[in-house]
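Residue numbers (the numbering used here): 40 to 121.
This is the structure in structure tokens:
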């Protein structure tokens, strides 16, 4: 995808993430795609994320200062009912 802001090409992907309260699609850009792929199946902590709406669907996004980190807490069950 080409950016209108910096005129560079960026990679964009979506991942389904969830916890005990439900699941949501997370939009990932560039290096964060590889980072989340490495952590697949692990419990992560999203810092400075925000929720937006894209194509009538809620999405989790990382803010400019957002990060994906390992979490010390385990999620034993993911609510997939929503």
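Cβ atoms here follow ideal geometry from the backbone N, Cα and C, with glycine treated the same way. These figures come from a predicted structure and were not determined experimentally.
In the DSSP output, what is residue i paired with across the bridge?
i          : result
residue 86 : 106
residue 80 : Paired residue(s): none; residue 80 is not in a bridge.
residue 63 : 56
residue 92 : 97
Quick check on the DSSP output: the beta strand (DSSP E) that includes residue i runs from which residue to which?
i          : result
residue 53 : 51-58
Where residue i and residue j are concerned, what is the direct C-alpha to C-alpha distance, given to the nearest angstrom?
i           : j           : result
residue 102 : residue 116 : 27 Å
residue 93  : residue 111 : 31 Å
residue 107 : residue 95  : 25 Å
Taking residue i as the reference, which of the options has the closest Cα?
i           : options        : result
residue 62  : 104, 45, 99    : 99
residue 47  : 85, 68, 56, 82 : 68
residue 97  : 45, 49, 54     : 54
residue 91  : 64, 81, 51     : 64
residue 66  : 52, 59, 105    : 52
residue 104 : 86, 76, 72     : 86
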